[in-house]
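Asker:
Protein chains in written order, with this note's numbering: chain A, 77 to 194; chain B, 5 to 152.
(1) Got a sec, what are the start and stop residues for the alpha helix (DSSP H) residue 124 of chain B sits in?
(2) With a floor of 3 residues, list each beta strand (DSSP E) that falls wholly inside the stretch 144-194 of chain A, ordered by position along the chain.
(3) Could I get the ranges of all uninterrupted alpha helix (DSSP H) runs contained in the stretch 62-131 of chain B, with 4 residues as the minimum, in chain order?
(4) Since residue 43 of chain B meets chain A, which of its residues come closer than 8 Å, beta carbon to beta carbon?
(5) With a cut-off of 8 Å on the beta carbons, I'd call residue 86 of chain A and residue 42 of chain B a contact; round off their distance for me.
(6) Is it buried or exposed, residue 194 of chain A, if we count other Cβ atoms within 10 angstroms and call 16 or more buried?
(7) When the Cβ atoms of the stretch 71-82 of chain B are set against those of the stretch 115-128 of chain A, are three or more pairs found closer than 8 Å?
(8) Taking just the CA atoms, how far does residue 124 of chain B sit from residue 87 of chain B?
(9) What's the call for residue 169 of chain A, buried or exposed, on a 16-neighbour Cβ count within 10 Å?
(10) Could you pull the start and end residues of the alpha helix (DSSP H) that residue 132 of chain A belongs to?
(11) Does DSSP put residue 138 of chain A in a helix, in a strand, or in coil?
(12) Thinking C-beta only, is residue 94 of chain B closer than 8 Å to residue 97 of chain A?
(13) Beta carbon of residue 80 of chain B, beta carbon of residue 105 of chain B: below 8 Å?
(14) Would you call the stretch 130-144 of chain A and the stretch 32-47 of chain B touching, i.e. three or more CB-CB distances under 8 Å?
(15) Where does the unbroken alpha helix (DSSP H) through residue 107 of chain A begin, and where does it stop?
(16) Taking the alpha-carbon positions, what's the residue 30 of chain B to residue 141 of chain A distance?
(17) How about the stretch 86-95 of chain A and the stretch 50-65 of chain B: do they share at least three Cβ pairs that are nearer than 8 Å?
(18) Which residues, in order along the stretch 83-96 of chain B, keep a beta-carbon less than 7 Å from a beta-carbon of chain A?
(19) Residues in the same chain with beta-carbon distance under 7 Å from residue 160 of chain A, minus the five sequence neighbours each way, listed in chain order, please.
(20) The alpha helix (DSSP H) with residue 29 of chain B in it runs from where to where?
(21) CB-CB under 8 Å to residue 150 of chain A, same chain, minus the five flanking residues each way: which ones, in chain order?
(22) Note down, in chain order, each residue of its chain lying with its Cβ closer than 8 Å to the Cβ of residue 102 of chain A, except the 5 sequence neighbours on either side.
(23) Closest to residue 4 of chain B by CA distance: which of A/116, A/105, A/108, A/99 is it?
(24) Using the C-alpha atoms, what's the distance from residue 20 of chain B back to residue 69 of chain B?
(25) Under a three-way DSSP split, which group does residue 101 of chain A fall into?
(26) By Cβ distance below 6 Å, which residues in the same chain neighbour residue 138 of chain B in space, the five residues on each side in sequence not counted?
(27) Is it buried or exposed, residue 155 of chain A, if we count other Cβ atoms within 10 angstroms and call 16 or more buried?
(28) Along the alpha helix (DSSP H) that carries residue 18 of chain B, what are the first and last residues, could you check?
Here is the structure:
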């Protein structure tokens, strides 16, 4: 049953992105940064875990979840290690995603040729 | 014709030339495709926890995102993700798969400029700002939590 929530919330978040694109002609880089900052903010004020409790992948899969992990990592590391945690926390928490994205892009970049631009 | 009139006429001309995204179908498409990508993520996460019950919740989510990133990167490489993107707009940009697409797509497109200056430099044209803003904003959050 919670798959319905995942679908509705995830879809709604993506639709908000589409509305912004239509209304303001915003670029995709700005969309990604904007939603990421929303995630950082939601985690910082402590409401993200509450939302992801019922929205699950509906908010974890959009880039909002990436921002939230960054902030969560930073907060956790600061509580555990103090000032060094400010520098290590965010990237440690999101290292898997960033490494995967860079790794696969590099490998596929070597193997494949661009299909869209002739 | 005064300069003002000329500018207005030109703006009108530009407005006519900009491709119109028809609002309602594109909103609908971004909704159901974006929702479907999230459902796919939830499915992967649930299967991981079913097959490997010893996984910690956080680790399972990291693996889920890595699998989604892999799928999006591969679909970008074979040219399918761009087709989805034309159809779904925001539905293909906002999920983490859009982040993956934004790295793989320029890596492929600028391959002809070489491995270092093509693939490695250009892959961060969109991901760069995302990573920079992510690091800086999360560090600010960490700094605030240091004092509260």
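Glycine included, C-beta positions come from ideal geometry on N, C-alpha and C. It should be emphasised that the depicted structure is a prediction, and the values quoted were computed from it without experimental measurement.
Answerer: Based on what the coordinates show:
(1) Mapped onto the second chain, residue 124 of chain B falls at position 120. Run containing residue 124 of chain B: none; DSSP gives neither H nor E here.
(2) none
(3) 84-92, 94-97, 100-113
(4) The residue labelled residue 43 of chain B in the question sits at position 39 within the second chain. Neighbours of residue 43 of chain B on chain A, chain order: 79, 82, 83, 86, 133.
(5) On the first chain, residue 86 of chain A is found 10 positions in, with the first residue counted as 1. On the second chain, residue 42 of chain B is found 38 positions in, with the first residue counted as 1. Sure, about 3 Å apart at Cβ, within 8 Å.
(6) Taking the first residue of the first chain as position 1, residue 194 of chain A is located at position 118. Confidence at residue 194 of chain A is low in this model, with a pLDDT of 45, below 50, so its placement is unreliable and the value that follows should be read with caution. Exposed is the call here.
(7) no
(8) Walking along the second chain from the start, residue 87 of chain B turns up at place 83. Walking along the second chain from the start, residue 124 of chain B turns up at place 120. Straight-line Cα distance between these residues: approximately 24 Å.
(9) Taking the first chain and counting its residues from 1, the one referred to as residue 169 of chain A is at position 93. Its Cβ being crowded by 16 or more others within 10 Å, residue 169 of chain A is buried.
(10) Position 56 of the first chain, counted from the start, is the residue given in the question as residue 132 of chain A. Where residue 132 of chain A is concerned, there is no enclosing alpha helix (DSSP H), given that its DSSP letter is neither H nor E.
(11) Within the first chain, residue 138 of chain A is the residue found at index 62, counting from 1. DSSP places residue 138 of chain A in strand when its eight states are reduced to three.
(12) Translated into positions along the first chain, residue 97 of chain A becomes position 21. Translated into positions along the second chain, residue 94 of chain B becomes position 90. Their beta carbons are under 8 Å apart, which means residue 97 of chain A touches residue 94 of chain B by this criterion.
(13) The sequence position of residue 80 of chain B within the second chain is 76, counting from 1. The sequence position of residue 105 of chain B within the second chain is 101, counting from 1. Contact: yes.
(14) yes
(15) In the first chain, residue 107 of chain A corresponds to position 31, counting from 1. Note, residue 107 of chain A: alpha helix (DSSP H), 104-120.
(16) Numbered from its first residue, the second chain carries residue 30 of chain B at position 26. Numbered from its first residue, the first chain carries residue 141 of chain A at position 65. The alpha-carbon atoms of residue 30 of chain B and residue 141 of chain A are separated by roughly 24 Å.
(17) The stretch 86-95 of chain A, when compared against the stretch 50-65 of chain B, does not touch it at the 8 Å Cβ threshold.
(18) 83, 86, 93, 94, 95
(19) As a position in the first chain, residue 160 of chain A is number 84, starting the count at 1. Excluding sequence neighbours, residue 160 of chain A sits near nothing in its chain.
(20) Against the second chain, residue 29 of chain B aligns to sequence position 25. Here the alpha helix (DSSP H) through residue 29 of chain B covers 27-55.
(21) Counting from 1 along the first chain, the entry for residue 150 of chain A is found at position 74. Hits under 8 Å: 161, 162, 165, 166, 169.
(22) Residue mapping note: residue 102 of chain A aligns to position 26 of the first chain, counting from 1. Closer than 8 Å at the Cβ level, and outside the excluded window around residue 102 of chain A, lie 96, 110.
(23) As shown, chain B starts at 5 and ends at 152. That puts residue 4 of chain B outside it, with no answer to give.
(24) As a working mapping, residue 69 of chain B is identified with position 65 in the second chain. As a working mapping, residue 20 of chain B is identified with position 16 in the second chain. Those two C-alpha atoms are separated by around 41 Å.
(25) Looking up residue 101 of chain A in the first chain gives position 25. In the displayed model, residue 101 of chain A falls within coil according to three-state DSSP, outside both helix and strand.
(26) As a working note, residue 138 of chain B is residue 134 in the second chain. So the list is empty, once near-sequence residues are dropped.
(27) Position 79 of the first chain, counting from 1, holds the residue named residue 155 of chain A. That one is exposed.
(28) Locating residue 18 of chain B in the second chain gives position 14, where the first residue counts as 1. From DSSP, the alpha helix (DSSP H) with residue 18 of chain B extends over 7-21.
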